[in-house]
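K.L.:
Protein chains in written order, with the numbering used here: chain A, 1077 to 1243; chain B, 116 to 482.
#1: Given that residue 269 of chain B touches chain A, what residues does it touch there, using C-beta distances under 8 Å?
#2: Go through its chain and collect everything with a Cβ distance to residue 424 of chain B's Cβ below 8 Å, but skip five positions before and after it.
#3: What span of residues does the beta strand (DSSP E) with residue 419 of chain B cover, start to end?
#4: Using the C-alpha atoms, what's the distance from residue 1174 of chain A back to residue 1192 of chain A?
#5: Which residues in chain E have a C-beta closer than 7 Å to the C-beta of residue 1121 of chain A? List them in chain order.
#6: Taking 8 Å as the CB-CB limit, is residue 1105 of chain A close to chain B?
#7: Around the C-beta of residue 1208 of chain A, are 16 or more other C-beta atoms found within 10 angstroms, so that it is buried, or is it exposed?
#8: Quick one, are the C-beta atoms of residue 317 of chain B and residue 352 of chain B less than 8 Å apart?
#9: What residue ranges within the stretch 121 to 191 of chain B form continuous alpha helix (DSSP H) runs of no fewer than 4 residues, ordered along the chain?
#10: What three-state label does DSSP hand residue 1172 of chain A in the structure shown?
#11: Which of the three DSSP states, helix, strand or coil, is assigned to residue 486 of chain B?
#12: For residue 1062 of chain A and residue 1161 of chain A, which I take to be in contact (beta-carbon distance under 8 Å), what is that distance rounded to the nearest angstrom?
#13: Measure the C-alpha to C-alpha separation of residue 269 of chain B and residue 191 of chain B and round it to an integer number of angstroms.
#14: Would the beta-carbon of residue 464 of chain B be found less than 7 Å away from any heavy atom of the ligand NAP?
#15: The stretch 440 to 452 of chain B: which residues have C-beta closer than 9 Å to a C-beta of chain A, in chain order?
#16: In chain order, what residues of the same chain have a beta carbon less than 7 Å from the beta carbon of residue 306 of chain B, not counting five sequence neighbours either side?
#17: With distances taken Cα to Cα, identify the nearest neighbour of residue 252 of chain B among B:310, B:280 and B:185.
#18: Just checking my contact of residue 415 of chain B with residue 197 of chain B at CB under 8 Å: how many whole Å lie between their CB atoms?
#19: Ignoring anything shorter than 4 residues, give me the alpha helix (DSSP H) runs that lie fully in the stretch 300 to 331 of chain B, in order along the chain.
#20: Are the C-beta atoms of residue 1094 of chain A and some chain B residue less than 8 Å apart?
#21: If you measure beta-carbon to beta-carbon, which residues of the stretch 256 to 268 of chain B are closer than 8 Å to chain A?
#22: Contact defined as beta carbons within less than 8 Å: I believe residue 1130 of chain A pairs with residue 1169 of chain A. What is the distance between those atoms, to the nearest angstrom?
#23: Pull out every residue of the stretch 1203 to 1223 of chain A whose Cβ sits closer than 7 Å to any Cβ of chain B, in chain order.
#24: Roughly how many angstroms separate the alpha carbons of residue 167 of chain B and residue 279 of chain B, rounded to a whole number?
#25: Counting Cβ pairs, one atom from each stretch, are 3 or more of them under 8 Å apart for the stretch 1116 to 1123 of chain A and the stretch 286 to 301 of chain B?
The following block contains the structure:
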């Protein structure tokens, strides 16, 4: 019968007309992120880092720049270096997380941010000062010790450097 | 007096709204009938094979994500299988099960995208696509729980996977297995048997099984042509030999069969997922491998039945930390070579429909 298809189609439309929408109004509200979300706002702990540059070697694109000099606070525990430069070029980062996987001392963490838009490319390089002072929203990616604590970067308080190690 | 006619050659693409990505076709028409098609590739060439020679075996995994970016998991799996074959590493059981789970989830994602965009090409603009993307979103959320990314996953490692699945993943997967069959039924109710779809796709773009085998194509297109060939059965990798599932086979090899095969494969994938969830053992998820893998001198070919066909990696090692040669046998590129067989003697309006039913991904075609 002619018109039956239209009636059927409009029935589907009416069923969906009064439903709660799936979309969210992004800048005001955001969809929930998984705890393992790999994003920028890298978490780096000066106290844990020995300057071994494993992360820089593992990076497929070579975007981590580390400059060190011998010395540092815990020389008794073995070889240690003071990190002078720790620049991450976010503009070329693809967030694969291999640097985090490479870190033997749990000093580097993926962050959970995604809103770092800039007008100039040079602004996308995270300098060491920013890494030191940033509020750390650590992703639990490749950090099972944080998952063991049921830590979520957007619900829980930022952790100190003593709490994030795998002991 | 007869009117003098002559064939006209039309260039379609590389920037064209209906070619998926930067694909270019040089098509010769006689009136409305297609008499010759020449696909032209290479607009998205990024040199992945060459780049792989500069990276360590672990770092190449990030390159494989970017081949076919709607099925990163299958690409990861194919690559790590090749490296494991090369270096003789055996992953633990739990890792093998998890790999099968994510590979099947990825197959569902890819078939949803293929179905949605195929219907987009038929002319059902955006509505079926949004239905398909609704479930794709759920699976991508699961991938985010697993590995923190949605498209470029880098989930697998040589000798296993990088980290065990969190508990919320298993809850999400159980829910998914409950509601997904209903959603597939919904697509079938909306799409299969729709008269417009039938008239646009039945007996159009027919590829006979002989032509399919001769052009060495694989995947759903081959099975739609009536050849029962699936690497999951023919050369089982990981734990596929313990799974019970059917290989859906078409009869005619037209566009409609290709659509039906994809729907049927999604149902089979759900079966495999259910069996994996029931069987998965506890245990480690990664074999004890060195961070810098140095496989012995030699070569190996690892292949998987990806969502679009056989995806293989041929690796040659010279004993160093990076592959000496990495050849990618990409399914999309080889499936595209059969495009001429499908398109010749069909009409202009069916060209894009047939092209959509092949389900290619330019990232994989040009690499």
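C-beta: ideal position from N, C-alpha, C; glycine also. Since we're looking at a predicted model, the values are computed, not measured.
P.N.:
If we stick to the structure as given:
#1: 1172, 1173 and 1174
#2: 332, 333, 334, 335, 336, 337, 446, 447, 449 and 450
#3: 413 to 421
#4: 21 Å
#5: Absence of chain E from the displayed structure is noted, the protein chains being A and B.
#6: no
#7: exposed
#8: no
#9: 163 to 167 and 175 to 179
#10: coil
#11: Beyond the ends of chain B as shown, which are 116 and 482, falls residue 486 of chain B; an answer cannot be given.
#12: As shown, chain A starts at 1077 and ends at 1243. That puts residue 1062 of chain A outside it, with no answer to give.
#13: 7 Å
#14: In the structure shown, the ligand NAP is absent, as is every other ligand, since no ligand is present at all.
#15: none
#16: 234, 243 and 312
#17: B:185
#18: 6 Å
#19: 310 to 316 and 324 to 329
#20: no
#21: 256, 259, 260, 261, 262, 263, 264 and 267
#22: 17 Å between Cβ atoms; not a contact.
#23: 1215, 1217, 1218, 1220 and 1223
#24: 27 Å
#25: no
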